[in-house]
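Worksheet: the structure to be examined is printed underneath.
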Amino acid sequence: MEKILYMIEALVKDIAGANGLRLLKELMYKENVSEVKLAENLKLGVNEVRSLLYKLHAYNLVYSTRKKDKEKGWYIYYWTFNFNHGRDILIRKKKKRLERLKEEGYRRKNVDVYECKNKCMELNLNEAMGYNFRCPDCEQLLIHKDNTVHLEKLEKEIKETENDIEILKQPIKITVKKEVKGVRRKKIEKKIKKKIRKKKARPQKRKKRGEVKSKRKNIKKKIVKKKKAKPKKKPVKKKEVRKKGFFGKLKIKVGF
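Structure follows, in structure tokens:
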């Protein structure tokens, strides 16, 4: 199991660099870790963490679930490392490497190789004859190379690669800690504490309400006296004054 984790760490480092390896250690043995918490633990910006996660996601090494924050209204992504897919990638890479090593071993065993003292390049017999056994770069004499030491190294690498493939085929057993559940528990605890506080505050509120009501009863309402409307004065008709004398008498007769 330790060997598998070591190989996965090397794979992640090749893809996402040193910070990618740090990110893997934060995700290891965990499930559904929020990108905000990852940024806090790694002391990186949220955008930097997302960039690393997207690099790993391109190889399907991580997957996410999103949940809406009820208070803030935006979506938060929770990430988990895909160990099984990481193992599958490593198996494919190891198999390709094994093919290359076997091809090179076959070539070293069955083909004569020539090189100069400066080791500029390696040429087979036909290529060496074409250059009159002279190096085309430094013009030094081409000498037949003994492949015994190189073949031993190749055989060792082939065995190690085959052994790695067998180890990777074993099932990965990792006990993960679900991060979201812990967050939910904290939220539930906060809600319970709020309820307890409200229950304690209720009798005090009731007392205050009773005091306010009693004060309201004691307060006497002010009686507002209605203003009496003043009677309107009737218009007084002016009495006609009759003029004395001759003209006055004429007006009376005529009817003025």
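Going by my numbering, the first residue of the sequence shown is number 745, and it counts up by one from there.
C-beta: ideal position from N, C-alpha, C; glycine also.
Below 6 Å CB to CB, which residues in the same chain sit around V857 once its five sequence neighbours on both sides are set aside? As a working mapping, residue 857 is identified with position 113 in the sequence shown. Same-chain partners within the cutoff: E866, K889.
Opening and closing residue of the beta strand (DSSP E) in which F825 lies: For this step, residue 825 is matched to residue 81 along the sequence shown. 819-825 is the extent of the beta strand (DSSP E) around F825.
Helix or strand or just coil, what does DSSP make of L1005? Any question about residue 1005 goes unanswered here, given that the chain covers just 745 to 1000.
Nearest residue (CA-CA) to E910, options Q884, E883, K839, K942: In the sequence shown, counting from the first residue as 1, residue 910 sits at position 166. The shortest Cα separation from E910 among Q884, E883, K839, K942 belongs to K839.
Starting from the Cα of K781, find the closest Cα among Y803, E815, Y821, D758 and give me that residue. As a working note, residue 781 is residue 37 in the sequence shown. Among Y803, E815, Y821, D758, the Cα nearest to that of K781 is on Y821.
So, for L898: in the same chain, excluding its five sequence neighbours on each side, which residues have a beta-carbon less than 8 Å away from its beta-carbon? Against the sequence shown, residue 898 aligns to sequence position 154. In its chain, beyond the 5 residues on either side, L845, E848, G849, R852 have a beta carbon closer than 8 Å to the beta carbon of L898.
Which stretch, first to last residue, makes up the beta strand (DSSP E) that contains D810? To locate residue 810, count along the sequence shown from 1; it is residue 66. Per the sequence presented here, residue 810 reads as Arg, with Asp not at that position. Its beta strand (DSSP E) spans residues 806-812.
Can you say whether N868 is buried or exposed, counting buried as having 16 or more other CB atoms within 10 angstroms of its CB? Taking the first residue of the sequence shown as position 1, residue 868 is located at position 124. Exposed, since its Cβ has fewer than 16 Cβ neighbours within 10 Å.
Please determine, among L771, E775, Y798, I748, the residue with the shortest C-alpha to C-alpha distance to N785. Mapped onto the sequence shown, residue 785 falls at position 41. The residue with the shortest Cα to Cα distance from N785 is L771.
What residues are listed by DSSP as bridge partners for H888? Residue numbering aside, residue 888 sits at position 144 when the sequence shown is read from its first letter. H888 pairs with Y858.
Nearest to S808 by alpha carbon, out of Y798, I887, M745? Here residue 808 is taken as the residue at index 64 of the sequence shown, counted from 1. Per the Cα distances, Y798.
Where DSSP assigns a beta bridge to V893, which residues make up the other side? On the sequence shown, residue 893 is found 149 positions in, with the first residue counted as 1. V893 pairs with nothing; no bridge assigned.
For K917, name the three-state secondary structure that DSSP assigns. To locate residue 917, count along the sequence shown from 1; it is residue 173. Looking at K917 - three-state DSSP - the assignment turns out to be coil, as it is neither helix nor strand.
Determine the burial state of R810: buried for a count of at least 16 other Cβ atoms within 10 Å of its Cβ, exposed for fewer. As a position in the sequence shown, residue 810 is number 66, starting the count at 1. Label assigned to R810: exposed.
Look at the Cβ atom of L842, then the Cβ atom of T905, and state whether they are nearer than 7 Å. Numbered from 1 along the sequence shown, position 98 holds the residue referred to as residue 842. Numbered from 1 along the sequence shown, position 161 holds the residue referred to as residue 905. Yes.
Spatial distance of L765 from T824 (CA atoms): Taking the first residue of the sequence shown as 1, we reach residue 765 at position 21. Taking the first residue of the sequence shown as 1, we reach residue 824 at position 80. Computed Cα separation, rounded: 14 Å.
Three-state secondary structure (DSSP) of K774: Indexing the sequence shown from 1 puts residue 774 at position 30. Note: K774 maps to strand in three-state DSSP.
Using a threshold of 7 Å, state whether the C-beta atoms of V793 and A802 are closer than that. Position 49 of the sequence shown, counted from the first residue, corresponds to residue 793. Position 58 of the sequence shown, counted from the first residue, corresponds to residue 802. No, they are not a contact pair.
Beta-carbon separation of N763 and L796 under 7 Å? One-based indexing of the sequence shown puts residue 763 at position 19. One-based indexing of the sequence shown puts residue 796 at position 52. Against a cut-off of 7 Å, the Cβ pair of L796 and N763 comes out as a contact.
What does the alpha-carbon distance come out to for the pair L755 and L800? Working through the sequence shown from its first residue, we reach residue 755 at position 11. Working through the sequence shown from its first residue, we reach residue 800 at position 56. Rounded to the nearest angstrom, the two C-alpha atoms are 10 Å apart.
Buried or exposed (CB count within 10 angstroms, at least 16 for buried), L885: Taking the first residue of the sequence shown as 1, we reach residue 885 at position 141. Classification for L885: exposed.
Taking just the CA atoms, how far does T892 sit from C864? As a position in the sequence shown, residue 864 is number 120, starting the count at 1. As a position in the sequence shown, residue 892 is number 148, starting the count at 1. The straight-line gap from Cα to Cα measures roughly 20 Å.
For my contact list, M751 and D908 are in at a C-beta cut-off of 8 Å; report their separation, rounded to the angstrom. Along the sequence shown, one-based indexing puts residue 751 at 7. Along the sequence shown, one-based indexing puts residue 908 at 164. The Cβ separation is near 7 Å, so the contact holds.
Range covered by the alpha helix (DSSP H) that runs through K816: Within the sequence shown, numbered from 1, the residue matching residue 816 stands at position 72. For K816, no alpha helix (DSSP H) encloses it, and the DSSP letter there is neither H nor E.
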